[in-house]
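In order, the protein sequence lines correspond to chains A and B. So the number in the numbering used here is just where the residue sits in the first sequence, counting from 1, plus 379. So the number in the numbering used here is just where the residue sits in the second sequence, counting from 1, plus 379. Everything on this sheet refers to the single structure shown next.
Number of protein chains: 2
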Amino acid sequence: MKNCEHEEEHAYAAARAKCNMPSDDDIAALAAAFKAISEPSRLKILFALRQGEMCVYHIVDAVGGTQSAVSHQLRILRDNRVIKARRDGQNIVYSLADAHVVAVLELACRHLNCKL
Amino acid sequence: MKNCEHEEEHAYAAARAKCNMPSDDDIAALAAAFKAISEPSRLKILFALRQGEMCVYHIVDAVGGTQSAVSHQLRILRDNRVIKARRDGQNIVYSLADAHVVAVLELACRHLNCKL
DNA sequence: TTATTATATGAATAAGTGTTCATATAATAT
DNA sequence: ATATTATATGAACACTTATTCATATAATAA
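Pasting the structure below:
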C-alpha cells in the first residue's frame, strides 16, 4: 500500500473511522433494526400501517399470506420497536412506532426512485 | 371480525393500503437495499466510509476482518448501489453512493439513541 | 517476462431466517 | 362452563447468507 494517489487522506479517514466507529452494541442494534425492515412481507406490513393503525385481521387482508405468517412477522417488527401494539377487546391493534419509520421508508423510496 | 371498536376505520385503512401498496418489484428493491445495510460488518464499512473515501486496504484496517470477507461485503454494497467504486492505479477507491445513505444511517441512529 | 501488490471471486461450510402446521392463549359470548 | 373469535407461538423444513480458503484478475515494477 504505497501507490494509491490519495494514500494519505485515506489513511487519515481510516484513523478517524476507528475513533468514530459506533460501539458493537450500537452496530448490532442498527443491524437488527434494518434487518427487521428488510423482508418483503414485513415491508408490506409497514406500507399497510402507513395508512393508519389496523388489527391483525385487516393487516392480513391488506398484505396477503396466512395469519400465522403475518403474526410471526408482526412479532419481529414489534420486538425491534418498528411497530407498536395495543389491545382493543379481542383485537390487537398495530401501528408504526414513530415518525422515523415513515421517514426511513420515504428516504429509501427516493433513493431507489420507487413511487409512493 | 365484527367486534373491534375501530373496525370501520381499519377496514378503510386496509382498503387504502391495497390501493397504495408499492409494486412487488419496488418492495423487492427496498428489501434488498435494507438487507444490504443490515449486517454488522457492512454497517461498519458504511460508518467508515462516512469519514471519506477509502481503498480496500484502509477499509480492512478500519473495520477489521479479512481482506476476502471485506471484499465480499463491498460487492454486496456496491451491487445494491449503497457505495460506489472508482479505480486509482492498483487501488479501488470506495465511497458512499449518495447523501441518502448517510441520512438513513443518521435517522436510524436517532431512532435507537445511538451516539454518532 | 516474471514478480509483486491490490482486489475480487468461486466453492464449501456453518449459521441464520421465513413459512407452514398444529396448537396455545386470551377475550368474549352463550 | 363451553364455544367461538382473534391472535400468538413452538417445531420443523427449506432456503438464504456470511465467512473462510484457495485462487483468479488487474495494475505496476523490475
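In this text, a Cβ means the ideal position worked out from N, Cα and C, and glycines have one as well. Everything numeric in this text was worked out from a predicted model, so none of it was measured.
For residue j and residue i, the rounded distance between their alpha carbons
| i | j | result |
| --- | --- | --- |
| Leu453/B | Gln446/B | 10 Å |
| Leu428/B | Met400/B | 34 Å |
| Ile416/A | Ala408/A | 13 Å |
| Cys432/B | Leu484/A | For the sequence presented, residue 432/B should be read as Glu rather than Cys. Looking at the two C-alpha atoms, the distance is approximately 26 Å. |
| Tyr391/A | Ile406/B | 38 Å |
| Lys397/B | Val442/A | 7 Å |
| Leu495/A | Ala411/B | 17 Å |
| Val439/B | Glu384/A | 18 Å |
| Glu388/A | Gln430/B | 10 Å |
| Val435/A | Pro419/B | 32 Å |
| Ile455/A | Asp467/B | 43 Å |
| His490/B | Arg457/A | 14 Å |
| Glu386/A | Arg395/A | 14 Å |
| Lys510/A | Leu486/B | Past the edges of chain A, shown from 380 to 495, lies residue 510/A, and the structure says nothing about it. |
| Leu475/B | Ala393/A | 14 Å |
| His437/A | Lys463/A | 16 Å |
| Asp403/A | Ser402/B | 36 Å |
Exposure of residue i, with buried meaning 16 or more beta-carbon neighbours within 10 Å
| i | result |
| --- | --- |
| Ser450/B | exposed |
| Gln469/A | exposed |
| Arg421/B | buried |
| Ala478/B | exposed |
| Ala448/B | exposed |
Residue i - partner residues in DSSP beta bridges
| i | result |
| --- | --- |
| Asn470/B | Asp467/B |
| Met433/B | Tyr473/B |
| Ile462/A | Leu475/A |
First and last residue of the uninterrupted alpha helix (DSSP H) at residue i
| i | result |
| --- | --- |
| Val336/B | The displayed coordinates of chain B run from 380 to 495. Any statement about residue 336/B would go beyond what the structure contains. |
| His451/A | 446-458 |
| Ile416/A | That residue, Ile416/A, is in no alpha helix (DSSP H); it is neither H nor E in DSSP. |
| Glu384/B | Where Glu384/B is concerned, there is no enclosing alpha helix (DSSP H), given that its DSSP letter is neither H nor E. |
Spatial neighbours of residue i in its chain, beta-carbon cut-off 7 Å, leaving aside the 5 residues before and after
| i | result |
| --- | --- |
| Arg465/B | Val472 |
| Asn492/A | none |
| Val480/A | Leu425, Val461 |
| Ala482/A | none |
| Gly347/B | Because chain B is modelled from 380 through 495, residue 347/B falls outside the range shown and cannot be assessed. |
| Asn459/B | Ala411, Ala412, Ala415 |
Residues near residue i by beta carbon distance below 6 Å, same chain, minus five either side
| i | result |
| --- | --- |
| Cys488/B | Leu495 |
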